[in-house]
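Engineer: Residue numbers (our numbering), protein chains in the order written: chain A, -15 to 272; chain B, 465 to 749.
Cβ atoms here follow ideal geometry from the backbone N, Cα and C, with glycine treated the same way.
Treat the numbers as computed from the prediction; the structure is a model and nothing was measured.
Below is the structure:
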């Protein structure tokens, strides 16, 4: 089984547009939206039928039982996250490390003044589109378990498919834990960038991050004609880092029209952006 | 007044709006809390006056003292420790809770500072800037954001440029905010993510308003949503190729374009008025 992840560093460069095109064009595949903070891929994948949805329990949270607590203040003193005040745990500050429960003198005496409780950090969904599996999730408001939720989204997808399928992962912006969790174990990274100094700066930091995984990176420059000078800078950067540029996609209002119609850009095959995106999808197919 | 600029979706214009906004407020402080991919300095080009390292406390294994009891490995909820012939740390997984070195019976783990990024403190004219930068390969920038938000003078206007998404970095960036400026774009993706961040600020009981960027008449649903949610619209920035070109080249619109400066001056006035009213109303409640 081959897996590819679409990343960008900067948000809004076109990851989901490219992912949606691959979903419509490639055969024998499964796909996942690993931007669990702000998932959008389902909005342009028509005919999805939900098969299963589950609560996802990420980190545990501590809970103090006031009837057993002796108010010694040990937990408050040891908590590195400032999550305990007045012998109460704020679940939105608690990271579930378990230090408080471990060192609680009541717990150590064999009773239970602090318990570590399971906590719903999000919801995962498994859907089907024309007999192909699609896995995605939504982070529960006020939770910080994005990376673990990404891992779960990928795991539940891999449980459904065979080794024949290509796995397409739509990643999240940034370079932190959700991105690291979406890179682990993939075969290649497709980076979508745009000709802005911000886009280039963020691509550079993404490339540094991916370098630690020693994975091949292929680049698409979206809306390249909005600033030809910066496009050239992006190309120079790619040449220096020996990254192949798969294609340069022109700025095209049809992309926004497609998104607003809940469709993929490749459903408008005559549009200038679709023509290039289709070529890029063919190249990606041949790469894997 | 501390104003958080957020959007859920990336690339909507958080940095565009917050940098141009901050530039027009004398003696404001601009904080770039998108520590994974900070871009504010590209536009503000501050003179850097000070660079501070951001450190976390991680355990340092001392193999010669380790008894091999594996208590720390069993304790660590984040799988940051493993015992394979000797004790090993996977530093990027460590949440720095301090449990392992406190419970080790042989003192074979000790607390050691590790640098995960830095703060760059600078100045663009009268505007003070603070940028957080996470080192690539690190999993979380939350400790950097904590340090960015530490010790803010209460009398100044603070512009907080948040990361995209709705995860832990965004939650941390919102902690000190008095008012949220939700930056939205009129696309189906933008609307979906605006709904999400609206839910988020409501969850935190944070008063908010909306700036619509790349405004066109295309998707009236965004404005309809704001009306339904009683989210005041604080400004509309029209989509223009010239705006995209200036942004792409790393330039501030308010420095280059008189019309844009007027537009942003109006947005500043509206935001300050609405934020003052809404936070006062909020306090009364």
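1. If you follow the beta strand (DSSP E) that residue 235 (chain A) is in, where does it begin and where does it stop?
2. What does residue 21 (chain A) touch in chain B if you count any residue whose Cβ is under 8 Å from its own?
3. Could you give the C-beta distance for residue 536 (chain B) and residue 568 (chain B), rounded to a whole number, given that I count them as a contact under 8 Å?
4. Give every residue of the same chain whose Cβ lies closer than 7 Å to the Cβ of residue 145 (chain A), excluding the five residues on either side of it in the sequence, and list them in chain order.
5. If you draw a straight line from the C-alpha of residue 680 (chain B) to the C-alpha of residue 740 (chain B), how long is it?
6. Could you check the C-alpha separation between residue 155 (chain A) and residue 525 (chain B) for me, to the nearest Å?
7. Can you find the residues in the same chain that come closer than 8 Å, C-beta to C-beta, to residue 189 (chain A), ignoring five residues on each side of it along the sequence?
8. Just to confirm, are residue 233 (chain A) and residue 252 (chain A) a CB contact at a threshold of 9 Å?
9. For the stretch 656 to 663 of chain B and the stretch 44 to 57 of chain A, state whether three or more C-beta atom pairs, one from each stretch, are separated by less than 8 Å.
10. May I ask you to report which of helix, strand or coil DSSP gives residue 4 (chain A)?
11. For the stretch 62 to 79 of chain A, enumerate the residues whose C-beta is nearer than 9 Å to any C-beta of chain B, in chain order.
12. Please decide whether residue 88 (chain A) counts as near chain B, where near means a Cβ-Cβ distance under 9 Å.
13. Closest Cβ-Cβ distance between residue 498 (chain B) and chain A: below 9 Å?
14. Within 9 Å of any Cβ in chain B, is that where the Cβ of residue 17 (chain A) sits?
15. Mind listing, in chain order, the continuous alpha helix (DSSP H) runs of no fewer than 4 residues lying wholly within the stretch 13 to 64 of chain A?
16. Starting from the N-terminal side, write out each stretch of the beta strand (DSSP E) that is 3 residues or longer and does not extend beyond the stretch 653 to 704 of chain B.
17. Tell me whether residue 465 (chain B) sits in a helix, a strand or coil according to DSSP, three-state version.
18. Would you report the Cα separation of residue 727 (chain B) and residue 652 (chain B), rounded to the nearest angstrom?
19. For residue 554 (chain B), count neighbouring Cβ atoms within 10 angstroms of its own Cβ and tell me buried if that reaches 16, exposed if not.
20. Mapping DSSP to helix, strand and coil, what is residue 103 (chain A)?
21. Under 9 Å Cβ-Cβ, which residues of chain A neighbour residue 476 (chain B)?
22. Tell me, please, whether the CB atom of residue 485 (chain B) is closer than 9 Å to any CB atom in chain A?
23. Cβ atoms of residue 157 (chain A) and residue 714 (chain B): under 9 Å apart, would you say?
24. In terms of residues, what are the limits of the alpha helix (DSSP H) holding residue 728 (chain B)?
25. Alpha carbon to alpha carbon, how far is residue 44 (chain A) from residue 20 (chain A)? Give it in angstroms, no decimals.
26. For residue 43 (chain A), decide whether its Cβ has a neighbour in chain B, counting only Cβ atoms nearer than 9 Å.
27. Can you tell me which residues form a DSSP beta bridge with residue 470 (chain B)?
28. For residue 596 (chain B), report the span of its beta strand (DSSP E) as first-last.
29. Give every residue of the same chain whose Cβ lies closer than 7 Å to the Cβ of residue 488 (chain B), excluding the five residues on either side of it in the sequence, and list them in chain order.
30. Run down chain A in chain order and give the residues with a C-beta less than 9 Å from the C-beta of residue 604 (chain B).
31. Suppose you measure from the CA of residue 29 (chain A) to the CA of residue 670 (chain B); what does that come to, to the nearest Å?
32. Using the C-alpha atoms, what's the distance from residue 12 (chain A) back to residue 149 (chain A)?
33. Strictly below 7 Å CB to CB, what residues from chain B border residue 244 (chain A)?
34. Where does residue 125 (chain A) fall in DSSP's three states?
35. Taking residue 466 (chain B) and residue 640 (chain B) to be in contact with their CB atoms under 8 Å, please state how far apart those CB atoms are, rounded to whole angstroms.
36. By the 7 Å beta-carbon criterion, what residues does the stretch 167 to 195 of chain A contribute toward chain B?
Structural biologist: From the atom records:
1. DSSP places residue 235 (chain A) outside any beta strand (DSSP E), giving it a letter other than H or E.
2. 472, 628, 629, 630, 631, 634
3. 6 Å
4. 14, 117
5. Between the C-alpha atoms of residue 680 (chain B) and residue 740 (chain B) there is a straight-line separation of about 29 Å.
6. 34 Å
7. -7, 159
8. no
9. At 8 Å Cβ cutoff, the stretches do not touch.
10. helix
11. 62, 63, 64, 65, 76, 79
12. no
13. True, the Cβ-Cβ gap to chain A drops below 9 Å.
14. Not closer than 9 Å to any Cβ of chain B, the Cβ of residue 17 (chain A) fails to qualify, so no.
15. Contiguous alpha helix (DSSP H) elements confined to the stretch 13 to 64 of chain A occur at 58 to 62, taking only those with 4 or more residues.
16. 672 to 679, 697 to 702
17. Coil at residue 465 (chain B), not helix or strand.
18. 25 Å
19. exposed
20. coil
21. Result: -5, -4.
22. no
23. Not in contact: residue 714 (chain B) and residue 157 (chain A) (Cβ atoms no closer than 9 Å).
24. Element bounds for residue 728 (chain B): 722 to 748.
25. 19 Å
26. Interface criterion met: the Cβ of residue 43 (chain A) is under 9 Å from a Cβ in chain B.
27. B:646
28. 591 to 598
29. 718, 728, 729, 732
30. 128, 131, 160, 161
31. 33 Å
32. 5 Å
33. 651, 652, 682, 683
34. The three-state secondary structure of residue 125 (chain A), taken from DSSP, is coil.
35. 5 Å
36. Answer in chain order: 179, 180, 181, 182, 185, 186, 189, 192, 193.
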